[in-house]
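Number of protein chains: 2
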Amino acid sequence: MKRKITLKQIAKELDVSISTVSKSLRNSLEIGEETRLKVQAFAKFYNYKPNNIALSLKNRKTKSIGIIIPEIVHYFFSTVINGVEQVANEYGYSVVICVSDDSFDKEVLNMEMLANGSIDGFIMSLSKETQFKGDFHHITEVINQGMPVVMFDRVTNDILCDKVIIDDKSAAYEAVQSLIDNGRKKIALVTTVDYVSVGKLRTDGYEKALLDNGLPFNEDLIIKIEDVDTCEITISQLLHDRAFDAVFAVNELFAVTIIKTANKMGLKVPEDLAVIAFTDGIISKYSTPSITTVSQNGEKMGNKAAKMLIERIEAEEDDDEEHNENYITEVIETHLIKRESTD
Amino acid sequence: MKRKITLKQIAKELDVSISTVSKSLRNSLEIGEETRLKVQAFAKFYNYKPNNIALSLKNRKTKSIGIIIPEIVHYFFSTVINGVEQVANEYGYSVVICVSDDSFDKEVLNMEMLANGSIDGFIMSLSKETQFKGDFHHITEVINQGMPVVMFDRVTNDILCDKVIIDDKSAAYEAVQSLIDNGRKKIALVTTVDYVSVGKLRTDGYEKALLDNGLPFNEDLIIKIEDVDTCEITISQLLHDRAFDAVFAVNELFAVTIIKTANKMGLKVPEDLAVIAFTDGIISKYSTPSITTVSQNGEKMGNKAAKMLIERIEAEEDDDEEHNENYITEVIETHLIKRESTD
DNA sequence: TTGGTTTACGAAAACGTGGTAGTGTTGAAA
DNA sequence: TTTCAACACTACCACGTTTTCGTAAACCAA
Chain A
1 MKRKITLKQI AKELDVSIST VSKSLRNSLE IGEETRLKVQ AFAKFYNYKP NNIALSLKNR
61 KTKSIGIIIP EIVHYFFSTV INGVEQVANE YGYSVVICVS DDSFDKEVLN MEMLANGSID
121 GFIMSLSKET QFKGDFHHIT EVINQGMPVV MFDRVTNDIL CDKVIIDDKS AAYEAVQSLI
181 DNGRKKIALV TTVDYVSVGK LRTDGYEKAL LDNGLPFNED LIIKIEDVDT CEITISQLLH
241 DRAFDAVFAV NELFAVTIIK TANKMGLKVP EDLAVIAFTD GIISKYSTPS ITTVSQNGEK
301 MGNKAAKMLI ERIEAEEDDD EEHNENYITE VIETHLIKRE STD
Chain B
1 MKRKITLKQI AKELDVSIST VSKSLRNSLE IGEETRLKVQ AFAKFYNYKP NNIALSLKNR
61 KTKSIGIIIP EIVHYFFSTV INGVEQVANE YGYSVVICVS DDSFDKEVLN MEMLANGSID
121 GFIMSLSKET QFKGDFHHIT EVINQGMPVV MFDRVTNDIL CDKVIIDDKS AAYEAVQSLI
181 DNGRKKIALV TTVDYVSVGK LRTDGYEKAL LDNGLPFNED LIIKIEDVDT CEITISQLLH
241 DRAFDAVFAV NELFAVTIIK TANKMGLKVP EDLAVIAFTD GIISKYSTPS ITTVSQNGEK
301 MGNKAAKMLI ERIEAEEDDD EEHNENYITE VIETHLIKRE STD
């Protein structure tokens, strides 16, 4: 087991100074050709590679970015990570992952852990608990220290920073509109609890589509689900009353559960009940019937977020103290992917 | 925007030496109470936190681990990451993610990028291409430098290191046996190409189960699929000939595609065709019919791998040069989760 | 020989931390 | 008065790099 070789060791071995070695390896003209080649040969032989940590310390750049998400076993979030990773890799950055588990404390802890020099910037999506509490001091603190932050999907207006989102409201509008176009009159919305920002926006879009089409907006048709396990019971009750003929679900898990429940009760999808889900995931694609979805291109969001972050990071190098604050919010387009669950 | 404060700045501000500040903060008795409290108050006020990079350089420990996987938008792998992250977090480690995209070059590049001091150890699953080439020099090199490596799932006997796997062969055996127990006679195996280690093992288990039950082992019933897109065509042909009455698929994507194809042809699952899949993922659970699977507890694998790695890392601190090499291979148990696709 | 330029390299600082060893002052015991 | 310990703090080194500045030797022209 040979430890990695350092400049110092090379210098000692060849009986030159550390600076000579460093310069030789960077092909400085200051060093005579003979010495330079000798050093290079030696370094190559011992497979010298500069130590990243030392470089980070010196340059005050770690060349890595942190990403904090609520969950990782989750189709959408994993596609975002994938997108981030692609761009990061391209620019020579590493990606450090932290899962907040939708817990405020974990989110804070993770941020503190990474904020002490480990990374150059954050990409994050807020945990449910954080959105519920509305406490964002850990984020402002990081930003105040001059560390760039890009938020995606679950964002907040209370923080000024770059953001990557989809237009949840108009995407929801489009989905509901398409149900209406197919002659559906009683459209239910199956959503999460209010404090999740995206849930709120999607509800707004749903409402607007109804009103714009002269359909009544009925609170009873908005079904708020705390966790998936209670979904089936709630749904079956409402289906029993034939209270609606179409459903717009804010995620695919809800959608597939609804379809399964409907099937059990002898209802046919899409004939008796049309279903559209938000988030184009793997379930929607492989479900029977496959589910019409509003695609939310996680990969593209990840790409964009990473690009924005890296640009911020590398911009700071130059105009250093010039922290220019014209933050932008990038809106990624969505589109409806029609499948078997609608007609 | 205030940059993070350092020991040096505190020292200057309070007009004491850097060491005094350092010691005050670690509550050393060497420092008089007055000074100590003054420093602590000041540090607290300015929210002093030691710089991780400087610590890493000094201690030669980064407190982070690298994980290299073929894909991230993949149920099994994301559960493994989740498992790793849990344990890492518990022990105060960060997790750096690299995706090899099943490419040998990317795997090598990623490892080199991280091996230069960025992390204390690796957790990895081999890319397809690496398994195909059988070239593992990048891994041995890292190990020779004294960096611990734990491999999981897609492993190789050519590398000596800690490993976490499931018993693919006996798990496949069990699955096929259960099909036989239900009276199935012509059982097809839908698998990947040979060089993926787990594919090979699962095939072995399939064969053994057939032979042990006095059933013929027929090469024609082994369907090797390069990529999912060709799956449907191949399958529909074989189904047309009614060549088999049960299928054991090595992943859930194959399984769900088979079911959909069978349905299109008017065959009923499980009556006409029983299906079992490897890897208990989200598709199996929500597919219609839901799919019987061999559960492969990724989270537990991740937990175990992380624990093994961190133990290695922290053991090295003590007996330093004593690189003790009794590597262990941990086998995580699997079990059959019966759902609607079998009777 | 002198003065000046070029060549080829080395010393040292800086990044931020933490441990060991050392230094100077004070007060009290011998 | 001397000696010695306790106290309170500082100096210095190491971790591995890069970079700025400095300088000795060699060379050339006058």
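These protein sequence lines are chains A and B, in that order.
Quick note: the first sequence, position 234, residue 234 per UniProt numbering, numbers continuous.
Quick note: the second sequence, position 189, residue 189 per UniProt numbering, numbers continuous.
Quick reminder that beta carbons are idealized off the backbone N, C-alpha and C, glycines included.
When only Cα atoms are considered, residue 265/A and residue 236/A end up about 8 Å apart.
Rounded to the nearest whole angstrom, the CA to CA distance from residue 232/A to residue 254/A is 9 Å. For residue 261/B, the enclosing alpha helix (DSSP H) has its first and last residue at 252 to 264.
The beta carbon of residue 50/A sits closer than 8 Å to some beta carbon of chain B. If you keep only unbroken alpha helix (DSSP H) runs of at least 4 residues inside the UniProt domain "HTH lacI-type" (5 to 59) of chain A, you get 7 to 14, 18 to 25, 33 to 45 and 52 to 59. Taking a cut-off of 8 Å for Cβ pairs, the region 58 to 72 of chain A and the region 83 to 100 of chain A touch, as three or more such pairs fall below it.
A direct Cα-Cα distance of roughly 11 Å separates residue 268/A from residue 342/A. Contact residues of the region 125 to 151 of chain A toward chain B are 144, 145 and 146 (C-beta to C-beta distance below 7 Å). In the three-state reduction of the DSSP assignment, residue 239/A falls in the helix class. Listed along chain B, no residue sits closer than 9 Å to residue 308/A by beta-carbon distance, the nearest being about 19 Å off.
With a threshold of 8 Å between beta carbons, residue 96/B makes contact with chain A. For residue 71/B, no alpha helix (DSSP H) segment is defined, and its DSSP state is neither H nor E. Taking all protein chains shown into account, residue 92/A has fewer than 16 neighbouring C-beta atoms within 10 Å of its C-beta and is therefore exposed. Interface criterion met: the Cβ of residue 57/B is under 8 Å from a Cβ in chain A. Taking a contact to require three or more Cβ pairs closer than 8 Å, the region 298 to 306 of chain A and the region 83 to 92 of chain A qualify as touching.
In its chain, beyond the 5 residues on either side, 11 have a beta carbon closer than 8 Å to the beta carbon of residue 17/B. In chain B, no part has a C-beta under 9 Å from the C-beta of residue 8/A; the shortest such distance is about 14 Å. Within 7 Å of the CB of residue 113/A, the CB atoms of chain B belong to 94, in sequence order along the chain.
Looking at the backbone, the Cα of residue 198/A and that of residue 311/B are separated by about 41 Å.
For residue 99/A, the nearest CB of chain B lies under 8 Å from its own CB, placing it at the interface with that chain.
Neighbourhood of residue 73/B in chain A, by CB distance below 9 Å: 75, 78, 79, 81, 82, 282, 298 and 299, in chain order.
Here DSSP, grouped into helix, strand and coil, assigns residue 132/B to helix. Nearest Cα to residue 144/A within the set 46/B, 15/B and 189/B: 46/B. In this structure, residue 302/B places its C-beta atom within 8 Å of the C-beta atom of residue 84/B. Between residue 3/B and chain A, the shortest Cβ-Cβ separation is below 8 Å. Within the model, the alpha-carbon separation for residue 226/A versus residue 190/A is close to 11 Å. Close CB contacts of residue 239/A within its chain, under the 7 Å cut and outside five residues either way in sequence, are with 261, 262, 265 and 267 (chain order). Contact check for residue 130/B and residue 152/B: beta-carbon distance about 14 Å, past the 8 Å limit, so the pair fails to qualify.
Look at residue 341/A: its C-beta is not under 8 Å from any C-beta on chain B. For the region 242 to 271 of chain B, the beta-carbon criterion of a distance under 9 Å to any beta-carbon of chain A is satisfied by 252, 253, 256, 257, 259, 260 and 263. Chain-order list of chain B residues neighbouring residue 107/A: empty, with the shortest C-beta distance near 12 Å, by a criterion of under 8 Å.
Closest option to residue 178/B, judged by alpha-carbon separation, among 293/B, 31/B, 149/B and 50/B: 293/B. Under the 8 Å criterion on CB atoms, residue 85/A is classed as interfacial with respect to chain B.
The alpha-carbon of residue 154/A is positioned some 16 Å away from that of residue 334/A.
Beta-bridge partners of residue 97/B (DSSP): 95/A and 67/B.
One thing to note: residue 206/B has its Cβ no nearer than 8 Å to the Cβ of residue 247/B.
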